[in-house]
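Numbering (the numbering used here), first residue to last: 1 to 94. Ideal placement from N, C-alpha and C gives every residue a C-beta, glycine not left out. Notes to accompany the following structure.
Below you can see the structure in the form of structure tokens.
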């Protein structure tokens, strides 16, 4: 059974209005889809590739990080709206 969603607007990221809209970001470890709003970035999906697991982190409304970890490789996708809507991918093999 899914946990109830928090609908208190103080505790949710506002990405429904304005902004650059929906974007998918491919990485070696998987694919991230985000919605860029005028006041935040919202995670739509984080789909890990075979052998990878996904974790997410969002310490501020304007930046979201998804990390795909696999055996010997890590993909870090960072999506932000500051100063403009963009995403970066950092691939690390070890």
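For residue i, write down the residues that DSSP places opposite it in a beta bridge.
i: residue 42; result: 35
i: residue 90; result: 76
i: residue 25; result: 32
Under the rule that 16 or more other beta-carbon atoms within 10 Å means buried, what is residue i, buried or exposed?
i: residue 8; result: Confidence at residue 8 is low in this model, with a pLDDT of 37, below 50, so its placement is unreliable and no value can be given for it.
i: residue 29; result: buried
i: residue 22; result: exposed
i: residue 71; result: exposed
i: residue 5; result: Interpretation of residue 5 is limited by its pLDDT of 39, a score under 50 that renders its predicted location unreliable; no figure is taken from the coordinates.
Report the residue from the options whose alpha carbon sits nearest the alpha carbon of residue i.
i: residue 36; options: 20, 91, 63, 69; result: 20
i: residue 48; options: 12, 89, 69; result: 69
i: residue 33; options: 94, 73, 93, 88; result: 88
Compute the beta-carbon to beta-carbon distance between residue i and residue j, rounded to the nearest angstrom, for a pair I have assumed lies under 8 Å.
i: residue 50; j: residue 14; result: Residue 50 to residue 14, Cβ: 35 Å. No contact.
Is the Cβ-Cβ distance between residue i and residue j less than 9 Å?
i: residue 55; j: residue 67; result: yes
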